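> I'd like to ask you about the structure that follows.
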Amino acid sequence: MPKPPGRSSSREKLLDAAAELIATHSVQELTLEGVAAAAGVTKAGLIYHFKTKDDLLGALVERMSLELDQRSRAKAAQRGATTSARLMALVDDTFDMPPGEKRLQANLLAAATSYPHLLGPVQQLFDRTYGELAGAGPEAGLALVVAAALDGLSLLELLNLHQFSPQQHAAMRQALQQLTQRFD
Numbered sequence: 001m002p003k004p005p006g007r008s009s010s011r012e013k014l015l016d017a018a019a020e021l022i023a024t025h026s027v028q029e030l031t032l033e034g035v036a037a038a039a040g041v042t043k044a045g046l047i048y049h050f051k052t053k054d055d056l057l058g059a060l061v062e063r064m065s066l067e068l069d070q071r072s073r074a075k076a077a078q079r080g081a082t083t084s085a086r087l088m089a090l091v092d093d094t095f096d097m098p099p100g101e102k103r104l105q106a107n108l109l110a111a112a113t114s115y116p117h118l119l120g121p122v123q124q125l126f127d128r129t130y131g132e133l134a135g136a137g138p139e140a141g142l143a144l145v146v147a148a149a150l151d152g153l154s155l156l157e158l159l160n161l162h163q164f165s166p167q168q169h170a171a172m173r174q175a176l177q178q179l180t181q182r183f184d
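Under UniProt numbering, the residue at position 65 of the sequence shown is numbered 65, and the numbers go up by one with no gaps.
Printed below as a string of structure tokens:
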């Protein structure tokens with residue numbers, strides 16, 4: 001994931017290093033020693049912040065969920081903070097996700113079977129998003145369908161079950177953007 005400006009604390013450097021290592025390798029290959037080395041801190045410095053690999057992974061997923069939510073909400077706020085704006089932000093987030101962020105999410109998702117506690121912050125994010133869309137008035141059902149379609153598209157590609165062509169992406173994006181305009 002892109003690093004927000006101004007991040008300099010050891011804790012944030014450790015999370016950034018862990019994210020980079022997971023995006024390029026896997027959660028199973030992640031070691032506390034490797035994260036400490038990549039962040040330029042001692043293992044004792046890492047353990048000061050994260051006692052275990054589970055603690056580190058949990059903090060990373062929590063931070064990632066928060067950043068995704070904040071980014072999407074900021075995009076929606078720029079468009080007027082309506083249901084349409086929220087859905088358009090989700091469309092953009094789905095189709096414009098950088099490759100490194102996709103690899104990180106795919107590798108963390110693959111690790112969820114071994115580390116089920118990682119799902120908690122992600123489930124909370126989905127609960128908030130779907131809860132808000134459920135209150136979208138008479139078109140709430142359509143808003144939920146659009147969000148679920150975006151999540152399904154992401155999961156198909158993250159789990160490498162299917163990769164859509166650029167033309168298919170463009171067609172789906174256009175169709176979803178047209179659907180979101182119904183909420184204005």
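Heads up, the beta-carbon is just placed ideally off N, CA and C, and yes, glycines get one too.
As the structure is a computational prediction, the values presented were derived from the model and not from experiment.
Is the distance from the Cβ of Leu-179 to the Cβ of Leu-142 below 9 Å?
Against a cut-off of 9 Å, the Cβ pair of Leu-142 and Leu-179 comes out as a contact.
> Leaving out the 5 sequence neighbours to the left and right, which residues in its chain are closer than 6 Å to His-162 when beta-carbon positions are compared?
Here the set comprises Leu-156.
> Excluding five sequence neighbours on each side, which residues of the same chain lie with their C-beta closer than 6 Å to the C-beta of Ala-136?
The answer, listed in chain order, is Thr-83 and Ala-143.
> To the nearest whole angstrom, what separates the beta carbons of Leu-158 and Gln-105, a pair I think is in contact under 8 Å?
Confirmed, Cβ separation roughly 6 Å.
> Kindly give me the distance between the Cβ atoms of His-169 and Phe-50, rounded to whole angstroms, as I take these residues to be in contact under 8 Å.
About 37 Å; that fails the 8 Å criterion.
> Output the boundary residues of the alpha helix (DSSP H) element that contains Asn-160.
It is not in any alpha helix (DSSP H) - Asn-160 carries neither H nor E in the DSSP assignment.
> Determine the direct distance from the alpha carbon of Ala-111 to that of Ala-23, and round the result to whole angstroms.
Going from the Cα of Ala-23 to the Cα of Ala-111 covers about 12 Å.
> List the endpoints of the continuous alpha helix (DSSP H) containing Asp-96.
First-last for Asp-96: undefined, no H or E at that position.
> For Leu-87 versus Leu-133, is the C-beta distance shorter than 9 Å?
Yes, they are a contact pair.
> Could you work out which residue in Ser-65, Thr-31 and Val-146 is closest to Val-91 when comparing CA atoms only?
Closest option to Val-91, Cα to Cα, is Val-146.
> If you compare alpha carbons, which of Leu-60, Gln-78 and Leu-150 is closest to Phe-126?
Closest option to Phe-126, Cα to Cα, is Leu-150.
> Mind checking which residues open and close the alpha helix (DSSP H) that includes Thr-24?
Unbroken alpha helix (DSSP H) run through Thr-24: 10-24.
> Classify Ala-81 as helix, strand or coil using the three-state DSSP reduction.
Correct three-state label for Ala-81: coil.
> Comparing C-alpha positions only, which one of Leu-57, Gly-80 and Asp-16 sits nearest to Ala-38?
Comparing Cα-Cα distances from Ala-38 to each of Leu-57, Gly-80 and Asp-16, the minimum goes to Asp-16.
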